[in-house]
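Step one of this worksheet: look at the structure below.
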Amino acid sequence: MTAQSISATEFLSNNNNEATIIDLRTPAEVSRENIDNCICLPLQTLTPESLHTKLHDRLNKKTLRVFLLCQSGMRAHAAVRQLGVIKGIEWVVIEGGLNAIKTAGGTVNCGAHLVIPLERQVRIAAGVVILTGVLLGSFLNSAFFLLSGFVGVGLIFAGVTDRCGLAFLLTRMPWNQ
28 MTAQSISATE
38 FLSNNNNEAT
48 IIDLRTPAEV
58 SRENIDNCIC
68 LPLQTLTPES
78 LHTKLHDRLN
88 KKTLRVFLLC
98 QSGMRAHAAV
108 RQLGVIKGIE
118 WVVIEGGLNA
128 IKTAGGTVNC
138 GAHLVIPLER
148 QVRIAAGVVI
158 LTGVLLGSFL
168 NSAFFLLSGF
178 VGVGLIFAGV
188 TDRCGLAFLL
198 TRMPWNQ
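At position 72 of the sequence shown the residue is numbered 99 (the numbering used here), and the sequence of numbers has no breaks.
Put into structure tokens, the structure is as follows:
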């Protein structure tokens with residue numbers, strides 16, 4: 028399944044005040060930074076049923092253009108793969124996500140900065156586990172070096188497949204709800 032792509036600059040210049048924008052980030056991320064008129068529907072809870080529930084009043088049109096937004100564009104492409112073709116919906120991925128909208132000079136609403144962004148949480152958690160594995164391997168038992176190796180393999184897997192197990196776990200933590 029492919030979706031149309033639109034640059035952030037093009038999205039902003041098209042005056043999309045009436046557009047249907049699905050923000051695929053976690054509720055904590057959306058409360059931290061968002062754009063007007065976006066509907067928060069996190070990728071981890073995204074199903075055709077949840078989409079229809081959120082968009083039930085807008086689906087009476089022949090074809091509804093749904094703009095998919097996330098932090099950098101990766102979750103938007105994952106959402107297209109996850110949902111596939113849905114009758115009456117045309118997917119449009121905003122390339123570069125919210126980062127590109129900010130760079131292009133778009134208006135971004137800022138809320139409380141109580142939660143660290145998910146990408147930073149992943150880097151912090153990976154670093155802590157790697158450091159723990161190295162320290163335990165150095166001082167207790169060399170088998171603990173495998174812990175650091177396991178995280179390294181996970182990071183390689185995330186880079187190759189564009190799916191990060193650690194990010195998946197962190198999105199389910201209470202502070203990200």
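Quick reminder that beta carbons are idealized off the backbone N, C-alpha and C, glycines included.
Residue i: buried (16+ other C-beta within 10 angstroms of its C-beta) or exposed?
i: Glu-117; result: exposed
i: Pro-201; result: exposed
i: Phe-94; result: buried
i: Glu-76; result: exposed
i: Phe-177; result: exposed
i: Glu-37; result: exposed
i: Thr-80; result: exposed
Between the options, which lies nearest to residue i when the distance is taken from Cα to Cα?
i: Cys-65; options: Val-112, Arg-102, Cys-97 and Leu-182; result: Cys-97
i: Asn-126; options: Ala-185, Pro-54, Glu-60 and Thr-72; result: Glu-60
i: Ile-143; options: Val-119, Asp-189 and Gln-204; result: Gln-204
i: Gly-44; options: Val-156, Thr-198 and Thr-134; result: For the record, residue 44 in the displayed sequence is Asn; it is not Gly. The candidate whose alpha carbon is nearest that of Asn-44 is Thr-134.
i: Pro-54; options: Cys-137, Ala-105, Leu-68 and Arg-85; result: Leu-68
i: Ser-40; options: Ala-103, Ala-131 and Lys-89; result: Ala-131
i: Gly-124; options: Arg-52, Ala-194, Thr-188 and Val-180; result: Arg-52
i: Lys-114; options: Leu-78, Leu-196 and Ala-152; result: Leu-78
i: Ile-62; options: Gly-138, Asn-168, Leu-73 and Arg-92; result: Gly-138
Is residue i helix, strand or coil when you go by DSSP?
i: Asn-168; result: coil
i: Gln-148; result: helix
i: Ser-34; result: coil
i: Ile-121; result: strand
For the alpha helix (DSSP H) holding residue i, just list the boundary residues, first then last.
i: Ala-131; result: Looking at the DSSP string, Ala-131 is not in any alpha helix (DSSP H), and its letter there is neither H nor E.
i: Gly-192; result: 192-198
Entirely enclosed beta strand (DSSP E) segments - the segment 42-119, minimum 3 residues = 47-50, 65-67 and 91-96
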